[in-house]
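Novice: Residue numbers (the numbering used here): 5 to 179.
Quick reminder that beta carbons are idealized off the backbone N, C-alpha and C, glycines included.
Have a look at this one before I ask anything.
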Amino acid sequence: MRKGRFGVVLCLYPILAFTGVILHQPLLCALFFLLALLAERDEWASRQSLQALALGLVSYGLGKILNGVGSLLPDYTTLHYVFSTVFALVTNLVYLAAIVLSIVAIVRVLKDQEADLPGFSALAYRAFGKQKPRPVFPGQMPPPYTPGQPPYPPQGPVPPQNGPSGPPPQGGPRA
């Protein structure tokens, strides 16, 4: 485990940021992201903390938006009750998904791996001016034919190997 400038293990910042997602506190996520970015100046910890911040903002913001839309409806109608129930269910499902994703990300970050949250990982890479590396699968097909490149190996005489020149020796060992 790598340590940062202050002697703190670098995976602590993303872990605490994802804990902020679980506690439904996006300001904690922002605080730990800023600590990793400005104080430690470590790109890996900052990327993971940025993923936590984005997840926390989406979870928190979606809940606030749905509650705001539900409060616009008149209180005395059945429509208000139905929509409030549906919006509360959607908000709680999004929050539950954020908790599960945070736990998975914490486990990955503890192993010094990328949190690799769907959608948020590519956002974090782009924020740092990089492109997310593509996974390499065993048995992957070679790239397709590109113009200007011969589709077959060059034909002609085979150059000699780094062995002796001339015909190979005949017979077995001599006594």
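Taking the C-alpha atoms as reference points, what is the distance between Leu27 and Leu39?
Specialist: 19 Å
Novice: Excluding sequence positions up to five away, which residues of its chain have a Cβ less than 8 Å from the Cβ of Leu83?
Specialist: Leu77
Novice: How is the alpha helix (DSSP H) around Thr82 delimited, first residue to last?
Specialist: 82 to 114
Novice: Does DSSP put Val12 in a helix, a strand or coil?
Specialist: coil
Novice: Whole angstroms is fine: what's the gap from Phe132's alpha carbon to Gly123's?
Specialist: Their Cα atoms are separated by approximately 15 Å.
Novice: Looking at Phe36 and the ligand ADP, is the gap between the Cβ and the nearest heavy atom below 6 Å?
Specialist: With respect to the ligand ADP, the structure shown offers nothing to examine, as it has no ligands at all.
Novice: On a CA-only basis, which of Pro142, Asp120, Pro151, Ala109 is nearest Lys136? Give me that one, please.
Specialist: Among Pro142, Asp120, Pro151, Ala109, the Cα nearest to that of Lys136 belongs to Asp120.
Novice: Can you name, in chain order, every residue of its own chain whose Cβ lies under 6 Å from the Cβ of Leu61, other than the five neighbours on each side?
Specialist: Pro30
Novice: How big is the Cα-Cα spacing for Leu14 and Arg6?
Specialist: 6 Å
Novice: So, helix, strand or coil for Lys134, using DSSP?
Specialist: Looking at Lys134 - three-state DSSP - the assignment turns out to be coil, as it is neither helix nor strand.
Novice: List the endpoints of the continuous alpha helix (DSSP H) containing Gly72.
Specialist: Element bounds for Gly72: 47 to 76.
Novice: So, is Gly89 buried or exposed, given that buried needs 16 or more other C-beta atoms within 10 angstroms?
Specialist: It is Thr, not Gly, that sits at residue 89 in the sequence shown. It is exposed - the Cβ of Thr89 has fewer than 16 other Cβ atoms within 10 Å.
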